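Heads up, the thing below is written out as structure tokens.
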Amino acid sequence: MDLESGKTCYAIIDPSISAEFPDITDYRNFVGMIRALGFKGVFDMSFAVDLSAQAHADIFTDFRGKYRISAKCPSVISFIRKYYPELTDNLVPMPIPAIIMAEIIRKKNPGDSMVTLINPCLASRLDIRRADATSPVDTQLTFPELRELFTLKKISENSVEFSEFDPPNGRTGSLFPMSAGLMQAAGQFENLLDSNFLSEEGRQNMLEAVDEFAKTYDIRKHLDLFYCEGCIMGPGMSATGHKFRRMTLVTEYARKRTGITGKDEWTREINSFPLADFTRTYTPDSQILPEPDESEINDILSLIGKTGNDDIDRGCQACGYRSCRDFAVSVAQGLAKAEMCHLYGTKNRQEYIRSLKTSNDQLAKAQKALQESEKLAREEKEMTREYSETLSALLQKIPSGVVIVNENLRIIQSNSTFIEILGEEAKTIDEVIPGLKGADLKTLLPPQMINLFSHALQHNQEVLHKDIQMENRMLNLSVFPIKKGNTLGAILRDLSLPEVQKEEVIKKVTEVIDKNLEMVQKIGFLLGEGASDTEKMLNSIIKYYRSED
Numbered sequence: 063m064d065l066e067s068g069k070t071c072y073a074i075i076d077p078s079i080s081a082e083f084p085d086i087t088d089y090r091n092f093v094g095m096i097r098a099l100g101f102k103g104v105f106d107m108s109f110a111v112d113l114s115a116q117a118h119a120d121i122f123t124d125f126r127g128k129y130r131i132s133a134k135c136p137s138v139i140s141f142i143r144k145y146y147p148e149l150t151d152n153l154v155p156m157p158i159p160a161i162i163m164a165e166i167i168r169k170k171n172p173g174d175s176m177v178t179l180i181n182p183c184l185a186s187r188l189d190i191r192r193a194d195a196t197s198p199v200d201t202q203l204t205f206p207e208l209r210e211l212f213t214l215k216k217i218s219e220n221s222v223e224f225s226e227f228d229p230p231n232g233r234t235g236s237l238f239p240m241s242a243g244l245m246q247a248a249g250q251f252e253n254l255l256d257s258n259f260l261s262e263e264g265r266q267n268m269l270e271a272v273d274e275f276a277k278t279y280d281i282r283k284h285l286d287l288f289y290c291e292g293c294i295m296g297p298g299m300s301a302t303g304h305k306f307r308r309m310t311l312v313t314e315y316a317r318k319r320t321g322i323t324g325k326d327e328w329t330r331e332i333n334s335f336p337l338a339d340f341t342r343t344y345t346p347d348s349q350i351l352p353e354p355d356e357s358e359i360n361d362i363l364s365l366i367g368k369t370g371n372d373d374i375d376r377g378c379q380a381c382g383y384r385s386c387r388d389f390a391v392s393v394a395q396g397l398a399k400a401e402m403c404h405l406y407g408t409k410n411r412q413e414y415i416r417s418l419k420t421s422n423d424q425l426a427k428a429q430k431a432l433q434e435s436e437k438l439a440r441e442e443k444e445m446t447r448e449y450s451e452t453l454s455a456l457l458q459k460i461p462s463g464v465v466i467v468n469e470n471l472r473i474i475q476s477n478s479t480f481i482e483i484l485g486e487e488a489k490t491i492d493e494v495i496p497g498l499k500g501a502d503l504k505t506l507l508p509p510q511m512i513n514l515f516s517h518a519l520q521h522n523q524e525v526l527h528k529d530i531q532m533e534n535r536m537l538n539l540s541v542f543p544i545k546k547g548n549t550l551g552a553i554l555r556d557l558s559l560p561e562v563q564k565e566e567v568i569k570k571v572t573e574v575i576d577k578n579l580e581m582v583q584k585i586g587f588l589l590g591e592g593a594s595d596t597e598k599m600l601n602s603i604i605k606y607y608r609s610e611d
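For the sequence shown, the numbering used here assigns the number 611 to the last residue and increments by one with no breaks.
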């Protein structure tokens with residue numbers, strides 16, 4: 063809505079303003095406040111209600127075998143077109159009063175203009191935006207939105223002068239916001255014995271009335287229906303307020319409005335707008351989905367703990383459906399979810415709580431096991447550290463050079479004797495990288511030694527006591543697998559060292575004794591005392607070197 067667009071703006075006011083604005087003491091102040099917003103014309107919709115009421119009364123009284131449904135409530139009209147399309151032709155062929163009033167305004171005020179409807183009915187926007195015709199109403203405001211505009215523009219009852227509605231003025235059409243108000247505006251009253259129509263209001267009553275009307279001919283009454291409990295309880299009203307107080311306010315307002323326009327003047331105005339100019343034919347707009355298979359419906363009923371028998375299943379209707387079966391059908395059609403069922407949702411929540419408790423218990427057990435595992439891992443890590451430190455200390459005590467390498471012949475660990483044997487370059491590296499960890503063995507040993515390492519790694523075989531010349535020294539190398547294809551250990555000894563020489567002499571003499579023992583035994587009877595003397599001599603050599611150690 064743009065009141066500053068340059069177009070002439072007109073406002074249509076629903077009679078339910080009296081129920082919304084009891085704080086405004088005189089309706090003429092209210093009209094003045096509307097004009098202060100920028101509206102050139104302010105019209106009371108009750109005149110259009112009087113016209114519509116006359117049309118309804120004519121059709122209801124001139125019965126020709128077809129019972130009708132009033133065309134006053136946009137929600138009812140839309141509901142019938144969508145979900146009872148076979149009853150579309152039973153709607154009274156008249157637009158809703160708001161549309162009638164807008165057409166009257168445009169007839170009286172031709173030219174480029176904008177018409178705004180101010181009422182509590184959100185469903186009236188369906189008529190404003192309908193696709194089958196161009197609506198004479200451009201925009202719509204609810205009463206709370208109107209209050210916001212008054213606040214924004216700082217307009218109050220004290221800031222304006224009295225102003226009257228622009229003609230034509232209605233009379234009893236001001237009763238429209240209440241049930242049966244339309245028919246009473248036409249002089250028709252709901253008499254239980256003689257009246258030919260039934261008035262109902264409220265969602266549930268409306269649904270049941272339409273359903274019974276569609277299924278049976280026994281009603282034999284026209285229907286006058288509101289989806290809400292009258293417009294006075296529409297969604298576009300402020301949240302505060304009570305129904306019966308609002309009914310009283312509407313009644314008092316209607317009494318005032320009836321006395322403003324004389325009956326003769328009102329009759330002339332009514333006759334100047336032939337009813338034939340305002341007819342409207344409604345067309346079906348079926349939104350009915352295919353009926354699901356009975357088995358699918360029963361499965362859903364079983365899921366929510368129902369039998370499908372309405373006599374057994376006393377549905378609470380908290381889901382919004384009239385029965386558990388209707389709800390199950392909507393679930394099968396994808397219009398609802400099983401969780402909308404209060405009992406099913408409660409059951410699911412209880413199961414979820416139990417499941418959550420079980421999960422929490424399992425989580426607590428897992429957490430405890432994890433803590434124990436972490437404790438064990440810490441203990442094992444500490445043991446491994448201690449073992450590693452012990453092993454490292456032990457390696458340092460071994461007089462021979464010891465080195466452990468991985469599959470890429472990179473040093474994992476070595477002792478100080480090994481570094482000492484390698485020489486000054488290795489000592490320099492050791493100062494930067496203790497134990498030569500990560501150093502490439504291939505850069506520290508000659509190729510013939512590296513070949514022995516490679517052989518032991520590839521064939522997973524020990525290579526023992528190999529004497530190899532390295533620079534000016536003779537070294538003895540033994541290589542052995544620690545972990546197949548992955549880790550090797552090696553012992554390197556410098557044969558030029560005195561202690562190593564003594565050990566080697568003892569070792570070699572021992573080997574001589576072992577190798578010749580069998581032969582000595584075989585030829586002992588030939589050698590006699592000579593063999594025995596030889597063995598004594600060799601043993602004395604061994605004892606001598608050992609005593610030197």
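No residue lacks a Cβ here, since even glycine has one placed at the ideal position from N, Cα and C. All figures in this text were calculated on a predicted structure; none of them were measured in a lab.
Practice task
Just the C-alpha distance for residue 522 and residue 415, rounded to the nearest angstrom, thanks.
Solution key: 60 Å
Practice task
Please say whether residue 488 and residue 498 have beta carbons closer to each other than 8 Å?
Solution key: yes
Exercise for the section: Let me know the secondary structure DSSP gives residue 304 once reduced to three states. Expected result: coil
Practice task
With a floor of 3 residues, list each beta strand (DSSP E) that falls wholly inside the stretch 76-145, ordered by position along the chain.
Solution key: 103-106
Handout entry: C-alpha distance - residue 331 paired with residue 120, whole-angstrom precision
Key = 18 Å
Handout entry: Between the CA atoms of residue 554 and residue 490 - distance to the nearest angstrom
Key = 20 Å
Practice task
Could you tell me which of 244, 310 and 291 sits nearest to residue 80, measuring between CA atoms?
Solution key: 310
Exercise for the section: Return the chain-ordered ranges of every alpha helix (DSSP H) run that is complete within the stretch 213-287 and spans a minimum of 4 residues. Expected result: 243-247 and 265-277
Exercise for the section: Report the rounded CA-to-CA distance for residue 413 versus residue 352, giving the unit in angstroms. Expected result: 33 Å
Practice task
Kindly identify the DSSP beta-bridge partner or partners of residue 554.
Solution key: 463 and 539
Handout entry: residue 259 beta carbon less than 8 Å from that of residue 113
Key = no
Handout entry: Candidates 312, 225 and 406: closest to residue 101 by CA position
Key = 225
Exercise for the section: Decide yes or no for the touch test of the stretch 311-320 against the stretch 236-253: beta carbon pairs closer than 8 Å, at least 3 of them. Expected result: yes
Exercise for the section: Write down every uninterrupted run of the beta strand (DSSP E) in the stretch 156-201 whose length is 3 residues or greater and which is fully enclosed by it, in chain order. Expected result: 175-180
Handout entry: Alpha-carbon to alpha-carbon, residue 477 and residue 437
Key = 32 Å
Practice task
Assess, as a yes-or-no matter, whether the stretch 360-370 is touched by the stretch 383-401 under the definition of 3 or more beta carbon pairs within less than 8 Å.
Solution key: yes
Practice task
Answer yes if the stretch 210-229 comes into contact with the stretch 292-301, meaning at least three C-beta pairs across the two stretches below 8 Å, and no otherwise.
Solution key: no
Handout entry: For residue 290, the nearest candidate out of 139, 442 and 526 (CA to CA)
Key = 139
Handout entry: residue 325 versus residue 84: straight-line alpha-carbon distance, rounded
Key = 27 Å
Handout entry: Residue environment, residue 426, which counts as buried when at least 16 other CB atoms sit within 10 Å
Key = exposed
Problem - 6 Å Cβ shell around residue 463 - same chain, five flanking residues per side excluded - result: 479, 480, 483 and 554
Practice task
State the start and end residues of the unbroken beta strand (DSSP E) segment that holds residue 475.
Solution key: 473-476
Practice task
Express the C-alpha separation of residue 323 and residue 274 in angstroms, rounding to a whole number.
Solution key: 41 Å
Practice task
Could you check if residue 517 is buried or exposed, using at least 16 other CB atoms within 10 Å of its CB as the buried criterion?
Solution key: exposed
Problem - Alpha carbon of residue 598 to alpha carbon of residue 492, nearest angstrom - result: Unreliable positioning characterises residue 598 in this predicted model, as indicated by a pLDDT of 48, which lies under 50. A coordinate reading is not provided.
Practice task
Measure the C-alpha to C-alpha separation of residue 98 and residue 106 and round it to an integer number of angstroms.
Solution key: 17 Å
Practice task
Return the CA-CA distance between residue 471 and residue 446, expressed in angstroms with no decimal places.
Solution key: 23 Å
Handout entry: Residues that DSSP places opposite residue 71 in a beta bridge
Key = 176
Handout entry: Proximity winner among 133, 295 and 276, relative to residue 149 (alpha-carbon distances)
Key = 276
Problem - Which of helix, strand or coil DSSP assigns to residue 549 - result: strand
Exercise for the section: Specify, as a first and last residue, the run of the beta strand (DSSP E) that residue 393 falls within. Expected result: Not the beta strand (DSSP E): residue 393 falls in the alpha helix (DSSP H), residues 386-394.
Practice task
Could you tell me if residue 500 is buried or exposed, where buried requires 16 or more neighbouring beta carbons within 10 angstroms of its beta carbon?
Solution key: exposed
Practice task
Note down the Cα distance separating residue 587 from residue 547, rounded to an integer number of angstroms.
Solution key: Note that residue 587 scores a pLDDT of 42, beneath 50, so its modelled location is shaky; the value from the coordinates is reported in the next line. Spanning the two alpha carbons is a distance of roughly 52 Å.
Exercise for the section: Pick helix, strand or coil for residue 588, following the three-state DSSP scheme. Expected result: Low confidence applies here, because residue 588 scores a pLDDT of 46, under 50, leaving its location unreliable and the question unanswered by this model.
Handout entry: Pairwise C-alpha distance: residue 257 and residue 174
Key = 45 Å
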